[in-house]
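Visitor: The opening residue of the sequence shown carries number 707 in our numbering; numbering runs sequentially from there.
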Amino acid sequence: MTEFQQNLENYADLALKVGVNLQKGQTLYVRTPTYAAPFVHALTKRAYELGSHNVHIEWNDEEATRLKFQYADEEAFKTYPQWKADPLVEAAKEDAAFLSITGGNPDLLKEANPEHVAMQQKAGGQANETFRSYIQSDKVSWSIVAVPSAAWAKKVYPNESDEQAVSKLWNDIFQATRMHEDDVVEAWQNHLAVLDEKREKLNNKKFHALHYKATGTDLIIELPETHIWASGGSTSKAGVDFVANIPTEEVFTAAKKHGVNGTVTSTKPLNYGGTLITDFTLTFKDGKIVDFKAAQGEATLKGILEGDEGSKYIGEVALVPHRSPISDMDLIFYNTLFDENASNHLAIGSAYAFNIEGGKEMNKEELEANGINQSITHVDFMMGAADMDIDGIHADGTREAVFRNGEWAI
C-alpha cells in the first residue's frame, strides 16, 4: 500500500470514527460531489466494515449546477423541490449520521447572475429549515470533510499541472487533519482536549461582551447572558460524541442578536456557492448590518444579507489563534472549512441553539427571546489577523485580555 493510499484510508477512518462517530447499525447519509467518487467508495467500504446497515449517497454534479445557472430561466431559481429536502428530515428522524464532502470549484458560479444565486440559496434555505434545526441543535451527528477537485487545487496552486496541484492539495489536507500522526484518532482526541481547555476557561469567565480591534476592525459583540462556549467536539441527542468540522481549531459561541456594534473587515476571501467575495467590510448598529462594501462579489454579499431578516445579524462568534497548523501553511484555501480554521471568524445569520443554556430544547420564539438569531442563512467569514486584540468585557465594565496580537492571552 502506498503512503497516499494509507493516508486516504486513515482519512476515511477519521471521518467515520471521529467525524460522525458512526455507530453499529446506523445509516450513513453522504452528500458529495461526483468527482469525489473514489474516496466515497473507500468510505462506503469502511462504513460497512464498521457495522453500518445502510450507506445512502446523494450525488451532486458541479457541471450540471453550472449549466442550470447558465441556461435556466429566472423562475427555476425561486423554488426548491421539497422532495429533495424531505429525505434528509426522514433520515434525521431515524438518527442517521450525516457526512458532507466539500472541495468543489471556488469559481463555479463566477459568471452566474448574483440575483439567481441569492434566489436559489434562499429557496434552498427555506425548504431545508427543518433539517437545519436538527443540525444546529445537535440532534444528530454530522461532519464535513474535504476532497480536492482539480478546479479547487488549481485555484490554490495555479502554476501547477492539474495532477500536481491535486497532489499538493491532498498533502495540505492530510497535514491539516493530522494524518501523519502515528495514531490519528488518538492525535485528534489530544487536540480536542486542548480546545476543551480553552472552552472551559471562557465559560468560567462569563463575559458580557467581546471587543475586537485590528486594522479595519473595531467591533463590540455582546453575548447572551446564558451563553455557552463550545469547542470542536459535540454530542448528539442519542449521546454520540462527534466532530462537525474536520479540521477544526475553533472555540465558539453565539452573539446577542441586538448587541453588535461597530465595523469589521474580512481578512480572507469568502467562497459562497461558487462566487468569491473579497475585502469586504460590514458596519453594525444594534446588531443589524446597516452598511457593507466589497472589492469583489458585492452583489453576492448583498444577496446573502437579503436572505431573510435574520441574514442581517450575526449568529456565531468563533475564536481561532492566528498561529495554527492551517494558518502556518500560509495558504489561502478558498474554502471556508479550512480558511475559517486559520482565523477568528463570525457567521452571518443563524446561531447554534446549543450555544445557550437549555437551547437544544427551545423553539424558535424562545431562542429569539434569549438573543439567539434565527435565519435560513449561516455564512462564516474570516476576520482574524496578526494584529488583532480582543478584550473580554465583564458585566461591571472591567476588561480582561482574551487575544493579543492574534494569539490567545487567556
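Using N, Cα and C, we set each Cβ at its ideal position, and we do this for glycine too.
1. What does a CB cutoff of less than 8 Å around VAL996 pick up in its chain, not counting 5 residues either side in sequence?
2. Ordered along the chain, which non-local residues of its own chain (more than five positions away) have a Cβ less than 7 Å from that of TRP765?
3. Can you tell me whether ALA1091 is buried or exposed, with buried defined as 16 or more other CB within 10 angstroms of its CB?
4. Put LEU794 into one of helix, strand or coil per three-state DSSP.
5. Cα separation between THR808 and ASP1097?
6. So who's on the other strand from PRO739, going by DSSP bridges?
7. Where does GLY938 sit, in a helix, a strand or coil, going by DSSP?
8. Could you check where the beta strand (DSSP E) with ASN977 kicks off and where it finishes?
9. State the Cα-Cα distance for the pair ARG905 and ALA915, rounded to the nearest angstrom.
10. Go to LEU916, then tell me how far its beta strand (DSSP E) extends in each direction, as first and last residue.
11. So for GLU925, helix, strand or coil by DSSP?
12. Taking THR669 as the reference, which of ILE850, GLU709 and GLU715 has the closest Cα?
13. Am I right that ILE926 and GLY968 are in contact with their C-beta atoms under 8 Å? What's the rounded C-beta distance?
14. Our contact map puts VAL891 next to VAL724 with C-beta atoms below 8 Å; I'd like the distance itself, whole angstroms only.
15. Could you pull the start and end residues of the beta strand (DSSP E) that GLN1002 belongs to?
16. Can you grab the Cα-Cα spacing for the pair GLU709 / LYS1008, in whole Å?
17. Measuring alpha carbon to alpha carbon, tell me which residue in ARG1110, THR1083, ASP1093 and GLY939 is nearest ALA833.
18. Relative to the alpha-carbon of VAL946, which residue among LYS816, ALA782 and ALA802 has its alpha-carbon at the smallest distance?
19. Taking DSSP as the reference, what is the three-state secondary structure of LYS911?
20. If you measure between the beta carbons of GLY810 and TRP876, is that distance less than 8 Å?
21. Buried or exposed: where does PRO854 fall if 16 or more other Cβ atoms within 10 Å of its Cβ makes it buried?
22. Please report the straight-line C-alpha distance between LYS963 and GLY1021, rounded to a whole angstrom.
23. Which value, in whole angstroms, describes the spacing of the CA atoms of ASP888 and ALA748?
24. Pick out whichever of ASP985, LEU722 and LEU1052 has its Cα sitting closest to the Cα of THR921.
25. Tell whether a beta-carbon distance below 8 Å holds between VAL970 and MET1089.
26. Under the criterion of a Cβ to heavy atom distance below 7 Å, does MET1089 qualify as lining the ligand PLP?
27. Is SER855 helix, strand or coil by DSSP?
28. Taking its Cβ as the centre, do 16 or more other Cβ atoms sit within 10 Å of GLN842, making it buried, or is it exposed?
29. Based on the DSSP secondary-structure assignment, which residues constitute the bridge partners of THR981?
30. Is the beta carbon of LEU814 less than 8 Å from the beta carbon of GLU866?
31. For the beta strand (DSSP E) that contains MET1088, what are its first and last residues?
Guide: In brief:
1. In the sequence shown, residue 996 corresponds to position 290, counting from 1. Cβ within range, chain order: THR989 and PHE990.
2. To locate residue 765, count along the sequence shown from 1; it is residue 59. Taken in chain order, the residues that qualify are THR738 and THR740.
3. Numbered from 1 along the sequence shown, position 385 holds the residue referred to as residue 1091. Result: buried.
4. As a working mapping, residue 794 is identified with position 88 in the sequence shown. DSSP places LEU794 in helix when its eight states are reduced to three.
5. Here residue 808 refers to the residue found at position 102 when the sequence shown is read from its first residue. Here residue 1097 refers to the residue found at position 391 when the sequence shown is read from its first residue. If I take the Cα positions, the gap works out to 34 Å.
6. Position 33 of the sequence shown, counted from the start, is the residue given in the question as residue 739. Answer is ASN766, bridged to PRO739.
7. Indexing the sequence shown from 1 puts residue 938 at position 232. Coil, per DSSP.
8. Walking along the sequence shown from the start, residue 977 turns up at place 271. 976 to 978 is the span of the beta strand (DSSP E), which, as asked, contains ASN977.
9. The sequence position of residue 905 within the sequence shown is 199, counting from 1. The sequence position of residue 915 within the sequence shown is 209, counting from 1. Approximately 16 Å between the Cα atoms of the pair.
10. Indexing the sequence shown from 1 puts residue 916 at position 210. 915 to 920 is the extent of the beta strand (DSSP E) around LEU916.
11. By 1-based counting over the sequence shown, the position of residue 925 is 219. It should be pointed out that residue 925 corresponds to Leu in this sequence rather than to Glu. Note: LEU925 maps to strand in three-state DSSP.
12. Nothing about residue 669 can be reported from this structure: the residues present for the chain run from 707 to 1116 only.
13. On the sequence shown, residue 926 is found 220 positions in, with the first residue counted as 1. On the sequence shown, residue 968 is found 262 positions in, with the first residue counted as 1. Sure, about 6 Å apart at Cβ, within 8 Å.
14. Taking the first residue of the sequence shown as 1, we reach residue 891 at position 185. Taking the first residue of the sequence shown as 1, we reach residue 724 at position 18. Right, their Cβ atoms sit about 6 Å apart.
15. As a working mapping, residue 1002 is identified with position 296 in the sequence shown. Residues 994 to 1002.
16. As a position in the sequence shown, residue 709 is number 3, starting the count at 1. As a position in the sequence shown, residue 1008 is number 302, starting the count at 1. If I take the Cα positions, the gap works out to 45 Å.
17. Within the sequence shown, numbered from 1, the residue matching residue 833 stands at position 127. Nearest C-alpha to ALA833: THR1083.
18. Your numbering for residue 946 matches position 240 in the sequence shown. Among LYS816, ALA782 and ALA802, the Cα nearest to that of VAL946 is on ALA802.
19. The count along the sequence shown starts at 1 and reaches residue 911 at position 205. It is helical.
20. In the sequence shown, the residue the question calls residue 810 occupies position 104. In the sequence shown, the residue the question calls residue 876 occupies position 170. The answer is no: Cβ separation not under 8 Å.
21. Here residue 854 is taken as the residue at index 148 of the sequence shown, counted from 1. With 16 or more other Cβ atoms within 10 Å, it is buried.
22. As a first step, residue 963 is located in the sequence shown; it is residue number 257 there, counting from the start. As a first step, residue 1021 is located in the sequence shown; it is residue number 315 there, counting from the start. LYS963 and GLY1021: Cα-Cα distance of roughly 7 Å.
23. Numbered from 1 along the sequence shown, position 182 holds the residue referred to as residue 888. Numbered from 1 along the sequence shown, position 42 holds the residue referred to as residue 748. Near 21 Å, if we compare the C-alpha coordinates of ALA748 and ASP888.
24. Mapped onto the sequence shown, residue 921 falls at position 215. Nearest option by C-alpha distance: ASP985.
25. Working through the sequence shown from its first residue, we reach residue 970 at position 264. Working through the sequence shown from its first residue, we reach residue 1089 at position 383. Yes, they are a contact pair.
26. As presented, the structure is devoid of all ligands, the ligand PLP included, so that no description of it is given.
27. Looking up residue 855 in the sequence shown gives position 149. Here SER855 sits in coil by DSSP.
28. Position 136 of the sequence shown, counted from the start, is the residue given in the question as residue 842. It counts as buried.
29. Here the question's residue 981 lines up with position 275 in the sequence shown. THR981 is bridged to TYR978.
30. Residue numbering aside, residue 814 sits at position 108 when the sequence shown is read from its first letter. Residue numbering aside, residue 866 sits at position 160 when the sequence shown is read from its first letter. Going by C-beta atoms, LEU814 is not nearer than 8 Å to GLU866.
31. On the sequence shown, residue 1088 is found 382 positions in, with the first residue counted as 1. First-last of the beta strand (DSSP E) with MET1088: 1084 to 1088.
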